[in-house]
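The structure appears below as structure tokens.
Numbering (my numbering), first residue to last: 1 to 115.
This is the structure in structure tokens:
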């Protein structure tokens, strides 16, 4: 009888532990989809941040390239000769010139960069 009681208690403890673990299992499996949602949201945030940083870098490089074209123009070069000397298509040279800072486009032709 005592052995039966101990066996029943052991079985009850095992059942309780299994119920607890089954509950934990279901909870954790349910959390997996939340992690996927979090990951996708975080990746979208990071992608937006990287896109914004890249846009700033591109704008900086375009402005500097445009300023260089403007300075060459101020020294008498044409867009055609700039394109030929740099081995870059005239369309790219024109595009970069459009991105030159306004003060570069109106600089004196003596090559001075003083402001």
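The beta carbon of each residue, even a glycine, is placed where N, CA and C say it ideally should be. Bear in mind that the values here come from a model prediction, so they are computed numbers and not experimental data.
{"Query": "For residue 71, three-class secondary structure by DSSP", "Result": "helix"}
{"Query": "Spatial distance of residue 96 from residue 80 (CA atoms)", "Result": "13 Å"}
{"Query": "Meets three-Cβ-pair contact criterion under 8 Å: the region 73-90 and the region 35-50", "Result": "no"}
{"Query": "DSSP-derived helix/strand/coil call for residue 103", "Result": "helix"}
{"Query": "Anticipated Cβ contact below 8 Å, residue 102 with residue 66, distance rounded", "Result": "Going by Cβ atoms, the distance from residue 102 to residue 66 rounds to 10 Å, so no, they are not a contact pair."}
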